[in-house]
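Data first, discussion second: the structure below is written as structure tokens.
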Amino acid sequence: LEFRRVLFRSALDASRAGDTQWEIDIGPIDGLLSKDHEVHFYRIVQEALGNVLRHARSPRAWVSVHRDGGVLRASVKDNGPGLARPGAVVDDTRRGFGLRNMEERAVILGGCLRLVSPPEGGLIVCLEVPIPNPRHGTED
371 LEFRRVLFRS ALDASRAGDT QWEIDIGPID GLLSKDHEVH FYRIVQEALG
421 NVLRHARSPR AWVSVHRDGG VLRASVKDNG PGLARPGAVV DDTRRGFGLR
471 NMEERAVILG GCLRLVSPPE GGLIVCLEVP IPNPRHGTED
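In the numbering used here, the protein residues as written are 371 to 510.
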């Protein structure tokens, strides 16, 4: 299956699973990562979506996946209570198994994962992964 479609389907499934209203924005991303890397990227996004459903108690959430030059970026954001004081980057003491697994996968991808509690509240999970061949798939 196409990578974009699989990610979109996962986000759509999350949007149907609870009372949270979701906004889904996934750009043209097919062919940017190897199949193995797509699996890791997908699992990170899937865990972030699940965390919103399980923990955020959020009326609204957003998922965005887009190419930005030589980087594939994903963000999953909610407007629930968050994990830390607003504006803080979440420290290691608040990370459970799921978040540690997400971080390990990000390292495998050569990317980074950040959790940010913005001043307005909620939580943003930000994933940035380098695209191995940035000239490939330049439709974005």
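The beta carbon of each residue, even a glycine, is placed where N, CA and C say it ideally should be.
Alpha helix (DSSP H) segment containing residue i, residue limits
{"i": "A476", "result": "F467 to I478"}
{"i": "N503", "result": "No alpha helix (DSSP H) contains N503, which DSSP labels as neither H nor E."}
C-alpha gap between residue i and residue j, whole angstroms
{"i": "G388", "j": "P429", "result": "10 Å"}
{"i": "M394", "j": "G401", "result": "Before going on, a small fix: residue 394 reads as Ile here, not Met. Roughly 20 Å separates the two Cα atoms."}
{"i": "F378", "j": "E408", "result": "13 Å"}
Neighbour-count burial assignment, residue i, 16 or more Cβ in a 10 Å radius
{"i": "V495", "result": "buried"}
{"i": "R424", "result": "exposed"}
{"i": "G492", "result": "buried"}
{"i": "S404", "result": "exposed"}
{"i": "V477", "result": "exposed"}
{"i": "N421", "result": "buried"}
Member of the options whose CA lies at the smallest distance from the CA of residue i
{"i": "G440", "options": "Q391, V486, L493 and G480", "result": "G480"}
{"i": "E417", "options": "E490, P502, V446 and V376", "result": "V446"}
For residue i, the first and last residue of its enclosing beta strand (DSSP E)
{"i": "S380", "result": "Taken as a continuous stretch (DSSP letters only), S380 belongs to no beta strand (DSSP E), being part of the alpha helix (DSSP H) at F373 to A387."}
Beta bridge counterpart(s) of residue i as assigned by DSSP
{"i": "A431", "result": "W392 and D448"}
{"i": "D438", "result": "V441"}
{"i": "E498", "result": "R443 and C482"}
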